Amino acid sequence: MAKARSRYVCRDCGHEALAWSGQCAGCGEWNTLDEVIVQATAKRGSSGGSGRRAAAAVRSVPLRDVVAPREERLGTGIGELDRVLGGGLVPGSLVLLGGSPGIGKSTITAMALGNMVSAGRQALYITGEESAAQVRMRAERLGAGALDVPALAETDLETVAGAIEAERPDVCVVDSVQTLHRAELSSAPGSVAQVREAANTLMEVAKRNGTALVLVGHVTKEGAVAGPRVLEHLVDCVLLFEGERERSYRTLRALKNRFGATSELGVFEMRSGGLVEVEDPSARFVGEATAAAGSVVLCAMEGTRPLLVEVQALVAPTEVVPPRRVANGIDRNRLAMILAVLSRHGGVQVGSADVFVNVAGGVRVDEPGADLAIALAVASAQRGEPLSDDAGKPLACFGEVGLTGELRYVAHAERRVAEALKFGLSPVLGPRIKDAPAGLAMNATLRAALGSARQRVGAPVAQAA
Ligand code: TYD
Ligand code: MG
């Protein structure tokens, strides 16, 4: 007979304890233990103590002989979403979709379900956050298919599990996992214990019925999806929906994917009729780039795809001590490092001025290849010299900046350069590379790159005059 027992699990490190205590014995953090229910079966209890029980002999098999069924994929009808997923949803898999409130999680899931229902799939939309009427109002904006999606407004975990069991849909969205609760657990909905319990219970039901389950989750202040790291371990795929709520661009990326590559990026735009895929984001971002001082185009790589984004900097005098260093879309520590290298090896002093750096469009670039673009944007802003050419085309660049002021190689140079050439941005400033692609202006150091960038703006002409 199965009986329910409580355990206490640390939301930071996952350490389990039998009794509650203020401090976690695993990681030493305070107030991180949450209650979870475990099903202790009589069989499990008797297996301890008297040594190993005789088990039926099992044999290992070389992986070559393991029968792996060809993975079927459920297309969501949203190309960018399918690409980030690695080719669509895998039946029976568990996907966690995270993002801050208002970013468009409900919209993208409603659109995907609508498309799938139109394609003859069975779908189920569980809404715990909004009433069915609210979901309907959104669906009305999203077109015909979205209105055909069966919806259930429910927050009781057992009822939700029962509904999946009864309907056995191909795909089920739970919006959001933080609203589900199980009555036996004393903790509030959204607590680690409840979220973990919900994910475990639903995963079991979904796997058994071959349902692809999408759990929508909020992001905590620290950026973790659904709070507990335990959930990120449990699921097959973690997707993060990012962007600035005030801006229309949204980016979708996989932080973890058991069925495909991570760091693939999907770009969307929020319009009045839902999310629209931006199929050629480089064209958008380059088209919107300004020719003003402090602007430069970065040839970034997002997964397997090159992406041109505008990096902007502003250097402004300030009375504030210490001066502000504000980074949007790049790492703050990276900016501090680049400012130090600029000062020490590039002859560009920002001194006591405020420095703001922003990646336009609300995109995040987390790769060292962005260093040179940040450095050039700051130098250009500091000197008040635009880096665009006479025709107003922005300067494109990429490369990692080392602590000794050298420019370092980054992967996929050819693809970055090719993407820039596609938009007529040439030459591209970058590091020294063996077998350099045509169109790349190679520079060994940051100082050299700063020089090349200035020459391009017509310095030689000025010298001749
Ligand atoms: P929503 O999907 O509800 O966000 P989340 O579930 O992540 O909290 O969408 C949030 C915003 O998107 C909301 O402010 C309204 C806007 N929106 C549009 O601009 N166009 C649309 O077609 C829809 C459905 C929403
Ligand atoms: Mg929502």
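Residue numbers (our numbering): 779 to 1243. For glycine and all other residues, C-beta sits at the position ideal for the given N, C-alpha and C. Computed from a predicted model, the values in this text were never measured in an experiment.
Exposed unless 16 or more other CB atoms sit within 10 angstroms - verdict on residue i
{"i": "valine 959", "result": "Going by the sequence as given, residue 959 is histidine instead of valine. Per the 10 Å Cβ criterion, buried."}
{"i": "threonine 1096", "result": "exposed"}
{"i": "glycine 1072", "result": "buried"}
{"i": "threonine 1082", "result": "exposed"}
{"i": "tyrosine 903", "result": "buried"}
{"i": "arginine 783", "result": "exposed"}
{"i": "leucine 841", "result": "exposed"}
{"i": "methionine 915", "result": "exposed"}
{"i": "serine 824", "result": "For serine 824, the predicted structure reports a pLDDT of 45, less than 50, and the residue's modelled location is therefore unreliable. The matter cannot be settled from this model."}
{"i": "threonine 937", "result": "exposed"}
{"i": "histidine 996", "result": "buried"}
{"i": "glutamine 759", "result": "There is simply no residue 759 to check, as the chain begins at 779 and stops at 1243 in what is shown."}
{"i": "asparagine 893", "result": "buried"}
{"i": "glycine 1170", "result": "exposed"}
{"i": "cysteine 805", "result": "exposed"}
{"i": "serine 884", "result": "buried"}
{"i": "alanine 910", "result": "exposed"}
{"i": "valine 912", "result": "Rather than valine, the amino acid found at residue 912 in this sequence is glutamine. So glutamine 912 counts as exposed."}
{"i": "glycine 898", "result": "exposed"}
{"i": "alanine 901", "result": "buried"}
{"i": "valine 1098", "result": "exposed"}
{"i": "glutamine 1160", "result": "buried"}
{"i": "glutamine 956", "result": "buried"}
{"i": "alanine 924", "result": "buried"}
{"i": "glutamine 1090", "result": "buried"}
{"i": "arginine 1028", "result": "buried"}
{"i": "alanine 1216", "result": "exposed"}
{"i": "glycine 827", "result": "Because the pLDDT of glycine 827 is 48, which lies under 50, any placement of that residue in the model is unreliable, and the number read from its coordinates should be weighed accordingly. Answer is exposed; the Cβ neighbour count stays below 16."}
{"i": "aspartate 1149", "result": "buried"}
{"i": "glycine 1051", "result": "exposed"}
{"i": "valine 836", "result": "exposed"}
{"i": "arginine 1112", "result": "buried"}
{"i": "alanine 833", "result": "exposed"}
{"i": "glutamate 982", "result": "exposed"}
{"i": "proline 847", "result": "exposed"}
{"i": "alanine 797", "result": "exposed"}
{"i": "glycine 1065", "result": "exposed"}
{"i": "valine 845", "result": "exposed"}
{"i": "alanine 984", "result": "buried"}
{"i": "proline 1084", "result": "buried"}
Cβ distance (whole Å) where residue i is taken to contact residue j below 8 Å
{"i": "glycine 853", "j": "glycine 870", "result": "At roughly 16 Å, the Cβ-Cβ gap does not stay under 8 Å, so glycine 853 and glycine 870 are not in contact."}
{"i": "valine 1075", "j": "leucine 1092", "result": "With a Cβ gap of about 17 Å, valine 1075 and leucine 1092 do not count as contacting."}
{"i": "isoleucine 881", "j": "phenylalanine 1019", "result": "5 Å"}
{"i": "alanine 977", "j": "leucine 963", "result": "Actually they are not in contact, since the Cβ atoms of alanine 977 and leucine 963 sit about 13 Å apart, beyond 8 Å."}
{"i": "asparagine 1278", "j": "leucine 1185", "result": "Any property of residue 1278 remains undetermined from this structure, which presents the chain solely from 779 to 1243."}
{"i": "valine 1188", "j": "glycine 1147", "result": "4 Å"}
{"i": "arginine 1260", "j": "valine 970", "result": "The shown model of the chain, from 779 to 1243, leaves out residue 1260, and the question about it has no answer."}
{"i": "arginine 1031", "j": "glutamate 1042", "result": "7 Å"}
{"i": "glutamate 907", "j": "serine 954", "result": "6 Å"}
{"i": "glutamate 1088", "j": "alanine 1067", "result": "4 Å"}
{"i": "methionine 889", "j": "isoleucine 856", "result": "6 Å"}
{"i": "aspartate 812", "j": "serine 1026", "result": "The Cβ separation is near 38 Å, so there is no contact."}
{"i": "leucine 872", "j": "valine 973", "result": "That pair is no contact at about 13 Å."}
{"i": "arginine 1110", "j": "arginine 1103", "result": "7 Å"}
{"i": "methionine 1079", "j": "histidine 1190", "result": "5 Å"}
{"i": "isoleucine 1152", "j": "valine 1141", "result": "Not a contact, Cβ separation roughly 14 Å."}
{"i": "cysteine 1175", "j": "glycine 1139", "result": "Rounded, the Cβ-Cβ distance is 18 Å, inconsistent with contact."}
{"i": "leucine 1224", "j": "valine 1206", "result": "Contact flag wrong, Cβ pair sits at about 16 Å."}
{"i": "glutamate 975", "j": "leucine 1009", "result": "Rounded, the Cβ-Cβ distance is 11 Å, inconsistent with contact."}
Curious, which full-length beta strand (DSSP E) runs of at least 3 residues does the stretch 880 to 906 contain? 901 to 905
Is the number of C-beta pairs between the stretch 1188 to 1204 and the stretch 1159 to 1166 that are closer than 8 Å three or more? no
Quick check on the DSSP output: what are the complete alpha helix (DSSP H) runs of length 4 or more inside the stretch 1170 to 1219, in order along the chain? 1191 to 1200
Whose CB is closer than 5 Å to a heavy atom of the ligand TYD? List the residues in chain order. Pro879, Gly880, Ile881, Gly882, Lys883, Ser884, Thr885, Arg916, Arg919, Met1048, Gly1052
Considering only residues of the stretch 1098 to 1179, which uninterrupted alpha helix (DSSP H) runs meet the minimum length of 4 residues and lie entirely inside it, listed in chain order? 1110 to 1123, 1149 to 1161
Are there three or more Cβ pairs, one per stretch, closer than 8 Å when the stretch 855 to 862 is compared with the stretch 924 to 938? no
Decide if the stretch 1024 to 1042 is in contact with the stretch 862 to 871; the criterion is three or more beta carbon pairs, one per stretch, under 8 Å apart. yes
Between the stretch 1105 to 1121 and the stretch 1173 to 1184, do three or more beta carbon pairs fall short of 8 Å? yes
Cβ contact check for the stretch 945 to 952 and the stretch 985 to 997: 3 or more pairs under 8 Å: yes
Should the stretch 1131 to 1143 be regarded as contacting the stretch 1199 to 1210, the criterion being three or more beta carbon pairs within less than 8 Å? no
How about the stretch 1037 to 1057 and the stretch 1148 to 1158: do they share at least three Cβ pairs that are nearer than 8 Å? no
Can you list the beta strand (DSSP E) stretches of 3 or more residues lying completely in the stretch 1048 to 1106, in chain order? 1052 to 1055, 1073 to 1080, 1083 to 1094, 1103 to 1106
Can you give, in chain order, each stretch of the beta strand (DSSP E) that sits fully within the stretch 923 to 994 and has at least 3 residues? 929 to 931, 949 to 953
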